[in-house]
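So the structure is just underneath, and the comments pick up after that.
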Amino acid sequence: MSSNVKGIGFLILAMLIISLQNIAVKWIGGDYSALEIVAFRSLVALPCTLLFFRYEGRRGLPTTKQHKLEYTRGAFLFLSYTTFMMGLAALPLAEIEAIRFSGPLMITLLSVMMLGEKVGPRRWIALVVGFLGVLLIVRPGSASFNLGSVFILISVLFYALTVILTRKLQANDSSATIAYFSSLVYLAAALVLAPLPALVGDLPNAHPSVAFLLRAWTMPTLLDLVIMSGLGLVWAGWMYFMSRAYSLAQASVAAPSNTCRCRSILCGAF
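Here it is as structure tokens:
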């Protein structure tokens with residue numbers, strides 16, 4: 009099997025796993041802050057990435073010579089999935105997945121600009137047509153425009169940047185190492201921003217996306233705590249398989265395959 013085919017296989021597995029998170033966050037998101045969910049999830053995900061590190065036959069803690077790139081990638085991933093969860097609070101899942109069709113176009117553009125990958129005209133045409141469909145769904149400037157759509161688009165942009173950095177890191181760092189440092193940055197960012205809801209105070213008329221981010225932290229029930237902990241397992245698995253996918257396959261090849269996953273979710277929703 010070629011590296012591109014293997015990479016696409018890992019990407020499909022990663023997308024299948026992360027779909028479980030989207031459903032769970034949609035379910036419990038009305039009671040907790042996005043930062044609280046992220047913090048609990050990261051506490052579980054971090055030691056899980058060490059298990060992946062052991063699975064790769066390595067010992068001790070992951071190390072890297074590319075600290076700046078690793079921390080930048082972690083920050084981009086934190087921004088990507090925090091804004092994604094903010095969008096989850098305001099939009100139905102089917103619409104969110106439709107907007108994420110813009111992801112392959114952004115990743116392909118960045119892969120050409122930053123990695124020098126070659127993309128044929130047929131793929132460009134398919135990507136542009138898909139992005140026009142996204143604009144039709146988002147409807148910027150219309151009366152039905154939802155701010156949550158902007159958060160999803162921001163999420164897609166930072167995800168695309170994450171993919172590009174993954175390709176740059178894979179030359180020297182293993183998939184488990186990349187996942188470990190991303191989880192570390194994620195946990196640190198969530199804890200640093202934890203006082204934000206208390207500093208801002210109650211916002212009764214805030215948009216659902218903003219309210220989800222700035223909601224005061226509360227003690228989760230036993231069931232919700234189990235769900236948040238389970239999200240840590242899901243997140244660790246997603247980060248590892250996503251890193252494997254884009255380490256093996258060209259970004260411009262793997263990204264369009266993600267649309268297959270989006271199409272299947274949309275068909276299932278209807």
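Each number in our numbering corresponds to the 1-based position in the sequence shown with 8 added. We put the CB at the ideal spot given by N, CA and C, even for glycine.
Where Arg175 is concerned, the enclosing alpha helix (DSSP H) starts and stops at Leu155 to Leu177.
Of Ser27, Leu19 and Ser11, the smallest CA-CA separation from Val242 is found for Ser27. Look at Asp232 here: in three-state DSSP terms it is helix. Between Ala32 and Leu239, the gap from beta carbon to beta carbon is short of 8 Å.
Rounded to the nearest angstrom, the gap between the Cα atoms of Arg130 and Val137 is 11 Å.
In chain order, Pro70 and Ala184 place their CB closer than 6 Å to the CB of Phe61, counting only its own chain and leaving out the 5 sequence neighbours on each side.
Met250 has its alpha-carbon roughly 26 Å from the corresponding atom of Ser41.
For the pair Pro55 and Phe86, the Cα-to-Cα distance works out to about 18 Å. In the DSSP assignment, Ser190 falls within the alpha helix (DSSP H) that extends over Ser183 to Val200. When DSSP states are grouped into helix, strand and coil, Gly128 belongs to the coil group.
Assigned with DSSP and collapsed to three states, Pro70 falls in coil, not helix or strand. Pairing Ile172 with Ser217 gives a Cβ-Cβ distance that is not under 8 Å. Counting only runs of 4 or more residues that sit fully inside the segment 25-88, the alpha helix (DSSP H) segments are 42-63, in chain order.
One thing to note: Asp181 has its Cβ within 8 Å of the Cβ of Gln74. The beta-carbon separation of Ala187 and Ala244, rounded to 7 Å, stays under the 8 Å limit for a contact. Shown here for Ala197: same chain residues with a beta carbon closer than 6 Å to its own, the five before and five after excluded, namely Phe86 in chain order.
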